[in-house]
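Enquirer: Protein chains in written order, with this note's numbering: chain A, 1 to 499; chain B, 1 to 172; chain C, 1 to 741; chain D, 1 to 102. For glycine and all other residues, C-beta sits at the position ideal for the given N, C-alpha and C. This is the structure I want to talk about, given as structure tokens.
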Amino acid sequence: MLLSLMIFIPLLGMIAVLLLPRESEELIKRVTLIPLALAVYLFISYDRSTAGTQYVVNAPWIDAFNIQYHIGIDGLSVTLLLLTALLGPICVIASWRNIEKGIKAYMALFLLLETGMLGFFAALDLFLFYVFFELTLLPMYFLIGIWGGPRREYAAIKFFLYTLFGSVLMLVAMIAVYLNSGDPGARTFDIPTLIALASTEGHALNNLNFQIWVFLGFFIGFAVKVPIFPFHTWLPDAHVEAPTAISVILAGILLKMGTYGLVRVNMAMFPLGLDHFTNGIGFWGNSLALLGFINIVYGSFCALAQTDFKKLVAYSSIGHMGFVILGLAARNDTGITGAILQMFNHGVISAMLFLLVGVLYDRAHHREINGFGGLGTRMPVYTGITTLAFMASLGLPGLSGFVGEALSLLGAYDEFKWLTILSTIGIVVGAAYFLWTLQRVFLGNLNPKYEDLPEINGREILTLVPLAILTILLGVWPNLAIDMFRESVTNLVNVLQAI
Amino acid sequence: MEFTLKTFIFYGFALMTVASALLVVTVRNIVHAAFSLMVTLFGVAGLYVFLQADFLAATQVIVYVGGILVLILFGVMMTSGRLEMRIHIERGQLLLGGAVALALFMLLLTVIANTPAWKNRIDDGTALPPTTEKIGELILNGPFLLPFEVVSVLLLVALIGAALISRKEVRD
Amino acid sequence: MTVSLISLILLCPLAAFAVFGLLGLANRRFPRQDYLSTAAMLIALACSFLLLREVVPEPETHTVNWVSLGSVTFSMGFYLDSVTAIMLIVVTLVSSLVHIFSMGYMHGDPRYPRFFAYLSLFSFSMLFLVVSDNLLGIYIGWELVGLCSYLLIGFWFEKDSAANACKKAFLTTRVGDVGMFIGMMMLFTKFKTLSLYGEGGIFALAASQLTTGDMVWLSIAGVLIFCGAIGKSAQMPLHTWLPDAMEGPTPVSALIHAATMVAAGVYLTARMFPILTETSSLVIAYVGGITALVAATIAIVRFDIKRVLAYSTISQLGYMMLAIGAGSYVAGLFHLTTHAFFKALLFLGSGSVIHAFHAMHAHGHDDEHEHDDSDAHGHEHNEDSDSGHVLGSEIPPDQDMRNMGGLRHKMPITFITMLIATLSISGVPFIFSGFWSKDAILAGVLGRAMEWNSVHHYILFIMALSAAGITAFYMFRLIFMTFFGEPRNQEMHDMAHESPLSMTVPLLILAVLSLPVVNTLWFNAAYVKPPPQPHLHAPAHAYIAPDTKGGTGLAFSLFGVSEAVAAEENAGHDTHGTHADDGHHGHGPAHTIAMVLSICVAGLGIFLSWLFYHRRTLSAESVTTTFRPIYDLFWHKYYFDEFYDGVLVALTVWKARLFAQFDGTVVDGIVNGVGVVTRDILAAFTGAFDNRVVDGIVNRVAQVTWAVGGRIRRIQTGAIQTYLFVVLAGIVLLILIFRAL
Amino acid sequence: MTLQHYLVISAILFTLGIFAVLTRRNAISILMGIELILNSCNLNFAAFSRFVTPPEDISGQIIAIFGIVLAAAEAAVFLAIILAIYREFGSIRPNEVDTLKG
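What follows is the structure, encoded as structure tokens:
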């Protein structure tokens, strides 16, 4: 019930926003705080000692196809739910002064998006899962297409078509799973049931060939979201065009939907298929790790060459998500834990980075890295926070980015020695582009054009501080997050190693 | 059935209704058509009287003849600018429409003629009490209160909407 | 008790930094950050001394689970043994003194509070590194000191050179760190832990589980871990960042880039001592030896006082690496300790000199600065007329030794203390600590060479010996150019003055610490013992030296240090690493030989220096001209920077551009192309190849759909009546059909 | 005067209304056709109320009254739309208003 409440409160908020006059902005801001409070409550009250799902609601929805409204959370979901609920109010605050036209419609779409994301992370029925997955698509399309930058329509359509392309494949795979899940009448979309069936000896789902194809279908669907090379080109465009808060959501949550789907569906449901792509034998056995490696190195090098601040951060996202893929490909608890941590941490850190880029853009009205210089003297607090975010992102120990990256690599090295060693190039290049950017923007002599640039203000600090605290906290004490999903990961690893 | 004055008047009303309705759909001049419609509406009101629905008849006259018809005439005047706007009918359309209408009519007639439950329902001529009080009771203090309120809201919305749509755009 | 003490040591500087960070976020500054940070360091120093007494023969570990997963656990914890205790003393002591020094040196800087906050953060990180009992913790501290180094080198970030230098430092060390991380991954995969000590620790497991078949693997892992040390301790070939790091304020150079952080590499290598094999040891020793020699040669031709010291630091660090690689664990650590004090002293002394010159700039105008600049170039012309404009060779006038001279009367305290440090680093015998530590290293290397009858170690010994001689030469060159002779720049000379008390007191304390007696407080045989090296095996042709007693042993026993070194050397004979019970037996002739030779080369170096730069009987210029190619090589620092900038950096940036281009044109082009193709070209394409292309069927379907759609859409007339007509006709039909049924 | 009388009259009105709606080219004429249809419905309600249900049950009449109200509302909106269209297109011929044409 609590969970349902959390998912649908933004939807209620959306209706309220549409009905309320523009002036009642305070109320709209607070609507997003309710899911956050609930998420914090879930986070605290979540029973960390079991791997099972909690807060389960299971009600029939569409009986004809045995589709259920089945939601529940395990450690992975609750972590990402918390992230989503946390970024919600932050984005509302961040967009409050930046969105000039149609603020009501903007907020309404944003709240709809939040419902979609929250629901996605809680859904335990494949059909419901898909519905929420698609539910995020439309608001995102409009949010980029209406409130974006100069090439917003191109970016929005690119994003939409790309994701749609992926989700169509996903739909096909989903129907294939449904049709193979049993005799007519006994078919199901229920994820826990399907997971159990897929590892039942002799069941139609427990077939290597079938699993490979279905794995691919789902994988491409999620790969577009992550994004995994070569499906990534929507990301830089979408990020560059999207308004700040939407970039934050895009990098912070939407990318995680891809990797979350990989864990929830591809890994848990198709262990045989996963094995085929990660057993380290031959080309296909290394393919997933190879994709992770390509993402890391390719994303990092592309980021190094960017001169648009936002594009740089976008490409760095691609690089960082590569660590997630690499960690997942390892299939051991070190790697998977690292990947999940990296998901969460990247959500926090990239959110910070995009917010910071937004702060600068609001003041200077451009994002050309070479067009700045010496801002460190003019905006010391902003420089400090940016340095923190950069350092977290380049994996400085003591900040959260390091733990996920290190665990992913440590786990992956177990399975893929050379790919992991090569992936460490990404660490150096990552440091290179961030430090170079830091130098070009903040160090050196102050560009006389920006002598009067105002320092970061209280509202902007308010959006950044919770994320910064989380970054430091999780860097110093990662168990805080790991406690949540340790059992779930152990469970998953046991399943994966049983085959 | 004997041919009394009452029957005669009934047929008169029936004929008036049908004939004027025919005029409504055939006459070329739209103003004439509107006036024919008025006659039809009166005829229907008369039929209501025969059905001993006195309140309904009154409503018919007041609302239809007094309200809707005037509205229609207004519409005619405001859109054409002159009263004798000709109605143009295409031949093919006329034929097709006629055919469908005729088919429909035949269909209805067969249904009317062949439905057993509707046969031999003769007006015995007994006088029923006036319905106004009963209707008032049923609407305001009976099962029709909610539909009544809904309809009134609908009417209100329709009126506001109509006013909004038809007014001249001030901005733009 | 130990836990709370160590916690206190760590928390004090951290708290001092946190105060700054929190206030900074609120856009305020805390004016007395300097007192706060210094007080924190002094508390940490006091605790360190308490710990020194606390340490018992049995090392202690205290751990907590940091990251616990299903099958593995990463713990964080303290490991307290004698080496930790000594490092704690070194770090807190130098750090405290640098804090005090900085109060004078940095006075008036617009970012004065920030400087102390950074120093605090650095102290915390360094101490964390030192006390960590596992590789992950060391790595964390490792990177954090890197961050602090970055922040402090770039402290005056308005200068482009500083901004470049801090980035270079971070990136160069990161390259090494990645190597270290790969080494960690190898060890982790093998042992499923990153803890070093205890029964489940890497050392215990490595000793018990590994066989001779694992030696190649273990050597690679050892060398990879050492890569981290190469980066951090500025060994060849990753040394280029350290000279550039002199762009930071001088106290920073003293603390981070001379005494503590750069020594962390040595500390790490020493910590890894138990898993070193003979191959990895040899690699370490060679890297150290080459670095020691090459850096020393570069230092000869520098004119920037800080750069001379920077190369000297690199050279000395190479020495320490050489010692550890050659198995002289105690000697290496001892040199680390003594070097920390005398090198910090040298840097602070140079800082005092720079401050004296710099103070003049504070009085003068900016124009004057430019004037000085051109003046400096004028001088430069004399000695290296055609050296050209070399990257990073622009010397600030207040650091250029050619502007100095005769300062010994102006700044007596600075002069005396620096002289002590110089005598120490040059290895002037008996009363200076540097002699003992350097001699111990030389003796250790020679001992290993004789014992193993190994050519490698003889070569290494010669390298070390030459480096020692060169060190004596360039250090006295520095002293002669700075403090002796006539003032070269009268204007600057006139303005120079002795530094304030806050600066001279640390100098005096450090000068006292450069005397060996003090060091025996914490360095003696009972205290420091080398750990066993189960995987280090002497080569088959090893020559086991006959035991010789007495002789020079008596002289060494004056100092506890030598006892420790002797004990170690003795242990070295037993290649399986059991401890010798009694101190003195097993002294080879190595010690005597090494000592005599080292005194000789040091004397030679000082004498030559005196001839060149004081008596001027020999002309540096004429030597320069005679050996032009060699001089150029030294002057250009063996062209390392040119190689990195011209090849590696350029290649990386080029590759990045290539990738980005690829992404923008090829990958994105394909995506957009697919869109365009589906829209336009495909239709024309299929028109031409309708029957032949396999896709024809698919496209035909599309075509048919298109055509049918084109026809069907006419139904959509937009006319309501048509719709209505169809609806009604449909209804009639339906009713008719159903009635017919 | 049987039920069937009324039903036949109603059917005629309905058919004529349909005919008008289908053939007329003038929106107002169509509206008049619709009014005919509505009237035929109301007549049916009243007739059924009189003949089929018990005489004291007059629900049919009330429904017819609602029907009249709806007709009024519909007429008002219809005419408003016609006016708007007329302003926009200068015509109220439905076959000339075909922006929705595919």
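Contact between the region 208-221 of chain C and the region 444-456 of chain A is defined here as three or more beta-carbon pairs at a separation below 8 Å; is this criterion met?
Expert: The answer is no - the region 444-456 of chain A does not touch the region 208-221 of chain C, with fewer than three Cβ pairs under 8 Å.
Enquirer: Specify the secondary structure class of Ser71/C as computed by DSSP and reduced to three states.
Expert: Here residue 71/C refers to the residue found at position 71 when the third sequence is read from its first residue. If DSSP states are grouped into helix, strand and coil, Ser71/C belongs with coil.
Enquirer: Considering only residues of the same chain and omitting the five flanking positions on each side of Asp47/A, which have a CB-CB separation below 7 Å?
Expert: As a working note, residue 47/A is residue 47 in the first sequence. Within the same chain, Asp47/A has close Cβ partners Gln54.
Enquirer: Once the 5 residues before and after Asn39/D are set aside, which same chain residues still bring their CB inside 7 Å of it?
Expert: Residue 39/D sits at position 39 when you count from the first residue of the fourth sequence. So the list reads Leu13, once near-sequence residues are dropped.
Enquirer: If contacts are defined as beta-carbon pairs under 8 Å, then Ala123/A and Ile71/A qualify, I think. What distance do you get, rounded to the angstrom?
Expert: For the purposes of this step, residue 123/A is identified with residue 123 of the first sequence, where counting begins at 1. For the purposes of this step, residue 71/A is identified with residue 71 of the first sequence, where counting begins at 1. Sure, about 6 Å apart at Cβ, within 8 Å.
Enquirer: Identify the residues that DSSP records as bridge partners of Leu618/C: which are they?
Expert: In the third sequence, residue 618/C corresponds to position 618, counting from 1. Leu618/C is not bridged to any residue.
Enquirer: Is the shortest distance between the beta-carbon of Cys600/C and the beta-carbons of chain A less than 9 Å?
Expert: Taking the third sequence and counting its residues from 1, the one referred to as residue 600/C is at position 600. For Cys600/C, the answer is no, since every Cβ of chain A falls outside 9 Å of its Cβ.
Enquirer: Is there a Cβ from chain C that is less than 9 Å from the Cβ of His232/A?
Expert: Counting from 1 along the first sequence, the entry for residue 232/A is found at position 232. So yes, His232/A belongs to the interface.
Enquirer: Figure out for me which residue from Ile336/A, Pro35/A and Leu161/A has the closest Cα to the Cα of Leu502/A.
Expert: Residue 502/A cannot be examined here, being either before or after the span of chain A that is shown, 1 to 499.
Enquirer: Who are the near neighbours of Gly67/B in its chain, counting only those whose CB is closer than 8 Å to its CB and skipping five residues on each side?
Expert: If you number the second sequence from 1, residue 67/B lands on position 67. If we look at Gly67/B and ignore the five residues flanking it on each side, it has no Cβ neighbours.
Enquirer: Quick check on Met85/B: does DSSP put it in helix, strand or coil?
Expert: As a working note, residue 85/B is residue 85 in the second sequence. Confidence at Met85/B is low in this model, with a pLDDT of 49, below 50, so the placement of that residue should be treated as unreliable; the coordinate-derived value is given next. Looking at Met85/B - three-state DSSP - the assignment turns out to be coil, as it is neither helix nor strand.
Enquirer: Let me check understanding here. Comparing Cα to Cα, which of Leu109/B, Ala127/B and Leu94/B lies closest to Arg25/D?
Expert: Position 25 of the fourth sequence, counted from the start, is the residue given in the question as residue 25/D. When only C-alpha atoms are compared, the closest one is Leu94/B.
Enquirer: Give me the residue from Trp147/A, Leu143/A and Leu112/A with the minimum Cα distance to Phe133/A.
Expert: Mapped onto the first sequence, residue 133/A falls at position 133. Among Trp147/A, Leu143/A and Leu112/A, the Cα nearest to that of Phe133/A belongs to Leu112/A.
Enquirer: From Ser488/A to Ala481/A, what does the alpha carbon distance come to, in whole angstroms?
Expert: Locating residue 488/A in the first sequence gives position 488, where the first residue counts as 1. Locating residue 481/A in the first sequence gives position 481, where the first residue counts as 1. Answer to the nearest angstrom: the Cα atoms are 12 Å apart.
Enquirer: Got a sec, what are the start and stop residues for the beta strand (DSSP E) Val357/A sits in?
Expert: Numbered from its first residue, the first sequence carries residue 357/A at position 357. Val357/A -> not in any beta strand (DSSP E); alpha helix (DSSP H) instead, spanning Asp333 to Ala364.
Enquirer: Can you tell me which of Leu326/A, Cys302/A and Ser317/A puts its alpha carbon nearest to the alpha carbon of Leu262/A?
Expert: Counting from one through the first sequence, the residue named residue 262/A turns up at place 262. It is Leu326/A whose Cα lies nearest to the Cα of Leu262/A.
Enquirer: Could you check where the beta strand (DSSP E) with Asn58/A kicks off and where it finishes?
Expert: Taking the first residue of the first sequence as position 1, residue 58/A is located at position 58. From DSSP, the beta strand (DSSP E) with Asn58/A extends over Gln54 to Ile62.
Enquirer: Closest to Trp477/A by C-alpha separation, out of Thr334/A, Tyr433/A, Gly404/A and Pro89/A, would be which residue?
Expert: Position 477 of the first sequence, counting from 1, holds the residue named residue 477/A. Closest by alpha carbon: Gly404/A.
Enquirer: Start and end of the beta strand (DSSP E) containing Gly72/A?
Expert: In the first sequence, residue 72/A corresponds to position 72, counting from 1. Where Gly72/A is concerned, the enclosing beta strand (DSSP E) stretches over Ile67 to Ile73.
Enquirer: Using a Cβ-Cβ cut-off of 9 Å, state whether Ile220/A counts as contacting chain C.
Expert: On the first sequence, position 220 is the one that residue 220/A refers to. For Ile220/A, the answer is no, since every Cβ of chain C falls outside 9 Å of its Cβ.
Enquirer: DSSP three-state call for His62/C: helix, strand or coil?
Expert: Within the third sequence, the letter at position 62 stands for residue 62/C. Strand, per DSSP.
Enquirer: On the CB-based measure, 16 or more other CB atoms within 10 Å of its CB, does Asp400/C come out buried or exposed?
Expert: Counted from its first residue, the third sequence places residue 400/C at position 400. The residue in question, Asp400/C, is buried, as its Cβ has 16 or more Cβ neighbours within 10 Å.
Enquirer: Which ranges would you report for the alpha helix (DSSP H) in the region 364-414 of chain A if only whole runs of at least 4 residues count?
Expert: Counting whole runs of 4 or more residues, the region 364-414 of chain A contains the alpha helix (DSSP H) stretches 375-378 and 380-393.
Enquirer: For Pro55/D, which residues in chain B fall below 8 Å Cβ to Cβ?
Expert: Taking the first residue of the fourth sequence as position 1, residue 55/D is located at position 55. Neighbours of Pro55/D on chain B, chain order: Thr126 and Leu128.
Enquirer: Helix, strand or coil: which one does DSSP assign to Met272/C?
Expert: Counting from one through the third sequence, the residue named residue 272/C turns up at place 272. DSSP places Met272/C in coil when its eight states are reduced to three.
Enquirer: Counting only C-beta atoms, is Trp477/A closer than 9 Å to chain C at any point?
Expert: In the first sequence, residue 477/A corresponds to position 477, counting from 1. With 9 Å as the cut-off, Trp477/A counts as an interface residue toward chain C.
Enquirer: With burial defined as no fewer than 16 other Cβ atoms inside 10 Å of the residue's Cβ, what is the status of Val173/B: buried or exposed?
Expert: The structure shown does not extend to residue 173/B, since chain B spans only 1 to 172, so no value can be given for it.
Enquirer: Identify whether Leu80/C lies in helix, strand or coil by the three-state DSSP scheme.
Expert: Residue numbering aside, residue 80/C sits at position 80 when the third sequence is read from its first letter. In the structure shown, Leu80/C sits in a strand (DSSP, three-state: E or B).
Enquirer: With distances taken between CB atoms, is the gap from Ser353/C to Met404/C smaller than 9 Å?
Expert: Start at 1 with the first residue of the third sequence, and residue 353/C comes out as number 353. Start at 1 with the first residue of the third sequence, and residue 404/C comes out as number 404. According to the sequence as given, residue 353/C is Val; it is not Ser. The answer is yes: Cβ separation under 9 Å.
Enquirer: Just by C-beta distance, which residues in the region 71-82 of chain D are closer than 9 Å to chain E?
Expert: Absent here is chain E; the protein component of the structure consists of chains A, B, C and D.
Enquirer: Tyr361/A: which of Ile425/A, Val441/A, Gly217/A and Gly426/A sits nearest, CA to CA?
Expert: Counting from one through the first sequence, the residue named residue 361/A turns up at place 361. Closest option to Tyr361/A, Cα to Cα, is Val441/A.
Enquirer: When you compare each of Ser426/C, Val67/C and Val727/C to Cys600/C by their alpha carbons, which one comes out closest?
Expert: Translated into the one-based positions of the third sequence, residue 600/C becomes position 600. Cys600/C has its Cα closest to that of Ser426/C, out of Ser426/C, Val67/C and Val727/C.
Enquirer: In angstroms, rounded to a whole number, what distance separates the CA positions of Pro546/C and Trp217/C?
Expert: Within the third sequence, the letter at position 546 stands for residue 546/C. Within the third sequence, the letter at position 217 stands for residue 217/C. Annotation note: pLDDT 41 at Pro546/C (below 50); position unreliable, coordinate value reported separately. Those two C-alpha atoms are separated by around 34 Å.
Enquirer: Identify, in the order they occur along the chain, each residue of the same chain with its Cβ nearer than 8 Å to the Cβ of Thr38/C, setting aside the five sequence neighbours on each side.
Expert: Looking up residue 38/C in the third sequence gives position 38. Closer than 8 Å at Cβ, skipping near neighbours: Ser96, His99, Ile100, Met103 and Phe116.
Enquirer: Chain C partners of Leu22/D, CB-CB under 8 Å?
Expert: Here residue 22/D refers to the residue found at position 22 when the fourth sequence is read from its first residue. Ordered by position in chain C, the residues that pass the 8 Å Cβ test against Leu22/D are Gln721, Leu724, Phe725 and Leu728.
Enquirer: Are at least three pairs of beta-carbons, each pair with one atom in the region 195-211 of chain A and one in the region 266-285 of chain A, less than 8 Å apart?
Expert: Enough Cβ pairs lie closer than 8 Å, so yes.
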